[in-house]
Each structure stands twice: as C-alpha cells, then as structure tokens.
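Residue numbers (the numbering used here): 59 to 726. Cβ coordinates follow ideal geometry from the N, Cα and C atoms, glycine included. Everything below concerns the one structure shown next.
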Amino acid sequence: MKKKHSKPSPGISSNRNSDDRKPDSMTSDVQSFDNRLDLVPHSPGVYLMKDASGSVIYVGKANDLRQRLRSYFTASPKGNARILALIHTIADFSVIICDNERESLVLESTLIKKHQPRYNILLRDDKDYPYVRVTLNEQYPRILKAFRIGDDQNFGARYFGPYLSRDVKLALEAIRSIFPVKTCRRVLPRDIGKERPCLQYYIGRCIGPCKGDVPVEDYRAVMEQICRFFAGRTDDLLHELRQEMASAANQLHYERAARIRDRIQALENLMEKQKVVDAKPIDQDVLAIAGNGSEICLQKLEIRHGRLVGASATFWPEKDLDEEEIIRSFLIQHYQQIAWIPPEILIPVDLSDQAGIETYLSSVGGKRCRLRKPQRGKGVDRMNMARENANEALRRHTLQGGLRQSAIEETLIMLGSLLKLDKTPQRIEAIDISQTGSDDQAAGLVVFENGRPLRRHYRHFRLNQNQAADDYEAMRLTLARRLGHLDDASFGLTPDLILADGGIGHVRAIQSVLHENNLSIPVAGIVKDEKHRTRGLVTPDGSIIELRHQPAGQTRSLRVSERDADHDRYLDDAEQLALLRLLTAIQDEAHRFANRYRMNLNRKRQTRFSLESIPGVGPARRRLLLQAFQSIKKISEAGIDDLLAVKGLGNQAAHAVYDHFHPAEQED
59 MKKKHSKPSP GISSNRNSDD RKPDSMTSDV QSFDNRLDLV PHSPGVYLMK DASGSVIYVG
119 KANDLRQRLR SYFTASPKGN ARILALIHTI ADFSVIICDN ERESLVLEST LIKKHQPRYN
179 ILLRDDKDYP YVRVTLNEQY PRILKAFRIG DDQNFGARYF GPYLSRDVKL ALEAIRSIFP
239 VKTCRRVLPR DIGKERPCLQ YYIGRCIGPC KGDVPVEDYR AVMEQICRFF AGRTDDLLHE
299 LRQEMASAAN QLHYERAARI RDRIQALENL MEKQKVVDAK PIDQDVLAIA GNGSEICLQK
359 LEIRHGRLVG ASATFWPEKD LDEEEIIRSF LIQHYQQIAW IPPEILIPVD LSDQAGIETY
419 LSSVGGKRCR LRKPQRGKGV DRMNMARENA NEALRRHTLQ GGLRQSAIEE TLIMLGSLLK
479 LDKTPQRIEA IDISQTGSDD QAAGLVVFEN GRPLRRHYRH FRLNQNQAAD DYEAMRLTLA
539 RRLGHLDDAS FGLTPDLILA DGGIGHVRAI QSVLHENNLS IPVAGIVKDE KHRTRGLVTP
599 DGSIIELRHQ PAGQTRSLRV SERDADHDRY LDDAEQLALL RLLTAIQDEA HRFANRYRMN
659 LNRKRQTRFS LESIPGVGPA RRRLLLQAFQ SIKKISEAGI DDLLAVKGLG NQAAHAVYDH
719 FHPAEQED
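This is the structure:
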C-alpha cells in the first residue's frame, strides 16, 4: 500500500506544553493549535491524538484532515461525553496523508490494532469467544483453539470465529470425527517414521502422516476441506467429496470410496442441525446491537448457503457509544482479521462513510462486499433474530462471565458500604411483579449468592387480583408468602438484602411486611431510567443512588464509607460500572423469571378457556383431554375415534370437541 508519511514538523505534528493548559477553558487550548491547523492539508488520511506523555489516545480517519481536526478544536466542540473527555486530554496530534479513503481505512485499522488507543472502540480478546486456528503456514497443518489472532496469519495461518467456547469444542470434535486428521502431539515432519501409528490411525480417524507414506499434498488437501467447512462452504465441500467418491469408485478403490461416503453422510447430518433461514443459497453476515445500561453487545450471525452456521458476540462497557460508531469500528477491525468476507453484511444503521467502508471491505476480501440496512422482508426478520440473540448473549454474559469472583466480592462489599449494611450481602433476594392483564398477577423471586444466580432457590408465586389490588399489595403478599418458608430446610436461609424491582413505594411495602414479622432485613429498590435501563438504587429514606455515567467533568456523588479507614471515598468509573452491572443482572433475571411464569399462566388460561368453551366440556373433561393428549395441538389433530377412546369423555362431548376443531367438515 502506497502511503505518504508526514514529517514531524511544527506544521503537521503539533504539541502544546501541558503546564500551559487550562483545563476549564477549551478556548485557550484551541488557540494554541490555530497556526498549526492551517498547515494541515485538505487531504484524506489518518490522524493520531496524543496525551501529554506522548501516548496515542485516539486514531481517526478523515477525507479532509484539516476540516476534521478543526471540528475538534473549536471554541465550543460538540460530541458525547467520551469525545469531550478526549478533547480535554489532547496535548499533541500528528497526521499521515494517504492517497484515498480506502488506504486511510486500512491504515486506521492497522494503527488502532498497534496502539490500542483508550478512546477508540476496541475489539478485546475474550476467552469466552475463542477462534479456530488452522496452521496452513506449517508443512503439516494442525487445528487448534486460539484466544487471539496471531502474527502467523500473515504467513498463511487461517482463523475462524470467534465462537462460543462450547461451540468451538463441539465443532472440533465434529471435525475430528469426520475428517481423518492428526490429533496426537507428534511433531511433523520431525517424528515421521519414529514410532508406529497411534490408535486413531487403526480405527480410521487419521490417515497416518506419521508413517511417511502420505504425500504432504494429500494431507493439506484434507485441511483445505476443513477450512471450507469453517468458512461455511459446506455445499461446495460436499460437491468436491462426491466427485472424490466417484473417482475412487471408478478406480476400484472401494474402501476409500466408502470412507468418503461416510464422511459425506456425517456432514449432511451436521448440516441438518443448522437452521435454514433462506431457501436461496445466500452468503451473508448480520450485525445487531443490544444494550442493558451497563454493557453493549454486538451480535454477528453468519449465514452460508442459506443456513445459519455461526454466531459470535462482542462486548463493551456502555460509555456514551452510539450504534454507528460501534458498527464502523467493528467492520474495519474485525473483518481485517477473518479468513473470508461474505458479499453482503446487514447492519442496523446507515454509516456516514458507508461507500468508503464497502470499498475497504471489498479490497480486504478480494471481491465486492455490500453493506445494507434492511427495510422490509427477510432482511428485517434476520436483523430481529440477530437482535434477539444479542439480548440473550448480553443476559448470559452478565450473569455468567461478566466478572471474576474476586471482583464480584469487591462489588458486594461496595454495595454493602453504599447501603450502610452491617455485613456484606452474600445472599440477595430480588422480587419482581408481572401483570397478566387478567385475573391473576405473577411474582418471581430470584436468589443471588456471592454474586451468582442460585437457580434452585428461585420461586414463583401466583396472586389473585382480588387479594392484590396493585403492585404494592402484590409485593407485600409475595414477601409474606416467602417469609412463611423461613423454617423450610430447602428455603430457610435469611437473605442479607432484599431488592425490589421498583421505587420507594415497593421498598416501603416490603418494609411493612418485615415489621409485621419482627424481622430486620435490609431493603432497597432497583430503579430504571426513561429508557427502561437499570439506573440505580432507592433506599428506604427515599434517596436515590445514581449509578449511570454522568456527564464529563461532573463531580461524582457516589461516596462510600471505608470500614477500615477514617474517611470516605468516591467510587471510580470501574467500580461504578461493576456495581451497575451486578444490579442489572439481578433486575433482568428477576424480570425474566417473573415474565416467563406470567406467560405460562397465560398459556394455561388460554388452554382452559379454549377447551371449556366447547359445549359439554368443563374442568373435569378438560383435564381428561389434556391427560390423554398433552396439548391443545394434539387434541386438535385427534380423530373422532381417538376422542371416543378417552375414558370418561362421552360420545356427545367427543363429537363436540371434534366439531370445534374441524368446523369445515361440519359445514360439509
């Protein structure tokens, strides 16, 4: 790639002494750059922002470098809190001029990967989402699990993913059972001929390259087939294998033809398990974003030949990030690293430099790549499916993999300090009320022990609307019923903290029940903001502890009392995020559990009303039908003879049920 590098002269590389900076005056900062900005050309290129120590803190790309840089250094700069914080930190900048926008994007991606600037949106290595690594750079390639993309990619190694850790394990097991590749620790070609082949060779699961009579080309051909499998090119792979099988049979190599046949059948069985999302053989990636107030998840679905073959998720703390910025950063960083780029990528938002990024992706992938925001039809359906997966991945990540146990313990200590508890809340119980919109209310109680969900202690409660006139009374009844089990062997542990999904009214409802039972258990409420995201805590005195990020430069109000110190201190950003994340997990889990129970109640009610609306069918006969057929669907599919065979149903009721589900036949 041809690049024009600027020299570090006063005209292009600018530096201001940090001692001269006035942190409360952006105007003085801007004036110190005016003369130097005039020397920046109106050219495409990349700019690097640096702090007073000279560290690169942001890398950006622009079609007009001077215009873009001036937008940062105006008297009243615009941007979200993160960008404003960046501007206040800049002490130096430099630019690299490029020939065109495509070169700028390539260089931007390379420099972000090199410097890992703290104000860029970075794709972090995550051990929950490993890659499959195929070492085609070696004479005898291996298949391995990798947690990051290494430099060997520049020399021929290929990386696929990232995937869920369990999916990688299953994929590697499937590949090793289908393709006859080496799985032992022997180093080839060093160990060729030194020992007898291992058991895998004798049971037909390895072609035995260690014997020395397997041409390198044959072994590498198998590895290339595996790469096609991971790239989602299974139809092409099956076509190639069928040709190999026919060739082997024509040459009377029947045993080899039989082995290839078995491989084809195994691949076809594997493909049957993949969800078909389009009858047409399309190749497409779908990107969607979900957030919960503390984190953002970007979900990628991989569709190959019309089948959903892979999915991966990337997470960031939710710090004033917008969708366009996230999608753009993901496109230029992620797709530079992967082995194959599909001809179309569906995105949830239009990009300001979409044409340039399409050109960049086409250059990286070697063929045209189109970005599209779907407006209707199947594209919207796939985007919705990706968004649902993003929400589920976010919930799972928050509950399971979000924090190290040591960090969770520190967060629980912080929570106890904020609420002024006598001890760390090791056992937390949270209650959520879910309205059914009919005769009943559903309540869910979830338990977190040491910051982790303890699902075997979850409970749900069905409340009659005649008993619970509103949310507060429902909360009172739920807690009263829960406290009735304090003597149970399975549910007798007293919580260290009770959290209500709601405001001060819910907190006081819980307090009244505790007072009636002469119990002293700390209580707080988890409140949400106008976007229905976890916002913070409400205490019994009505105070709200705000946990969401505040505008840049605003003093933090989160102060905790240190038990072993003589003074209070303020929470830092990382601590505040950890606490918000834990509370979000608890609130989301309580809502999910209560909502699922409400939906089950609705389904049962619909089943009851559907059957009991049939003449001659009451509660007793409804139970007989469900015992015999298990579901409404199976009852509707039952023939008249099947219905007549139900003991206790009766001839007249059986015909009434059949006629109810087959009105067309009745009219005939």
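Apart from the 5 residues on each side of it in sequence, glutamine 197 sits with its Cβ closer than 8 Å to the Cβ of Leu246, Pro247 and Val274 in its chain, given in chain order. When DSSP reads this structure, isoleucine 354 sits in a beta bridge with Gly349 and Trp374.
Under the three-state reduction of DSSP, isoleucine 385 is assigned to helix. The shortest CA-to-CA distance from threonine 552 to any of Gly674, His515, Arg520 and Arg534 is the one to His515. No residue range can be given for cysteine 242, since it is assigned to no beta strand (DSSP E) and is classified by DSSP as neither H nor E. Check the Cα spacing between serine 235 and each of Phe218, Gln258 and Asp700: the tightest is with Gln258. Restricting attention to alpha helix (DSSP H) runs no shorter than 4 residues, the region 429-458 encloses them at 435-454, ordered along the chain.
Between the region 92-104 and the region 162-181, the count of C-beta pairs closer than 8 Å reaches three or more; the two stretches touch.
Excluding five sequence positions before and after proline 199, the CB atoms of its chain that fall closer than 7 Å to its own CB belong to Val192, Thr193, Arg278 and Met281, given in chain order. Shown here for valine 505: same chain residues with a beta carbon closer than 6 Å to its own, the five before and five after excluded, namely Glu487, Leu512 and His515 in chain order.
Close CB contacts of cysteine 285 within its chain, under the 6 Å cut and outside five residues either way in sequence, are with Val192 and Arg216 (chain order).
Taken through DSSP and simplified to helix, strand or coil, threonine 132 comes out as coil. With 16 or more other Cβ atoms inside 10 Å of its own Cβ, phenylalanine 91 counts as buried. Assignment of threonine 292 by DSSP, reduced to helix, strand and coil, places it in the helix class.
Arginine 430 and valine 344 have their alpha carbons spaced roughly 10 Å apart. In this structure the region 448-456 touches the region 349-369; the number of beta carbon pairs closer than 8 Å is three or more. Assignment of beta-bridge partners to arginine 191 by DSSP yields Leu202 and Tyr217. Taken through DSSP and simplified to helix, strand or coil, tyrosine 105 comes out as strand. Just so you know, the alpha carbons of serine 113 and valine 153 end up roughly 15 Å apart.
Looking only at Gly262, Glu166, Gly502 and Ile115, the smallest Cα-Cα distance to glutamine 391 is reached by Glu166. In the three-state reduction of the DSSP assignment, histidine 518 falls in the strand class. Judged by DSSP in its simplified three-state form, threonine 417 adopts helix. For valine 581, the secondary structure class from DSSP, reduced to helix, strand or coil, is strand. Distance from isoleucine 602 to methionine 533 at the Cβ level is roughly 19 Å; contact not present, criterion being Cβ atoms closer than 8 Å. Distance from the CA of leucine 95 to the CA of arginine 386, rounded to the nearest whole angstrom, comes to 26 Å. Bridge pairing for alanine 324: absent [DSSP]. Beyond the five residues adjoining it in sequence on each side, isoleucine 415 comes within less than 8 Å, by CB distance, of Leu163, Arg386, Leu389, Ile390, Leu409 and Leu429 in the same chain, given in chain order. Spatial neighbours of valine 438 in its own chain (CB-CB distance under 8 Å, excluding positions within 5 residues in sequence) are listed in chain order as Pro432. In the DSSP assignment, isoleucine 556 falls within the unbroken beta strand (DSSP E) covering 555-559.
Taking the C-beta atoms as reference points, valine 226 is found nearer than 8 Å to valine 190. When rounded, the separation of the alpha-carbon atoms in alanine 678 and asparagine 660 is 20 Å.
Here phenylalanine 237 is buried: its Cβ has 16 or more other Cβ atoms, across all protein chains shown, within 10 Å.
Isoleucine 361 and isoleucine 340 do touch by the CB rule: their CB atoms are close to 6 Å apart, below 8 Å. Around the CB of isoleucine 170, 16 or more other CB atoms lie within 10 Å, so the residue is classed as buried. Between isoleucine 322 and arginine 300, the gap from beta carbon to beta carbon is short of 8 Å.
The Cβ atoms of arginine 140 and tyrosine 177 sit closer than 8 Å to each other.
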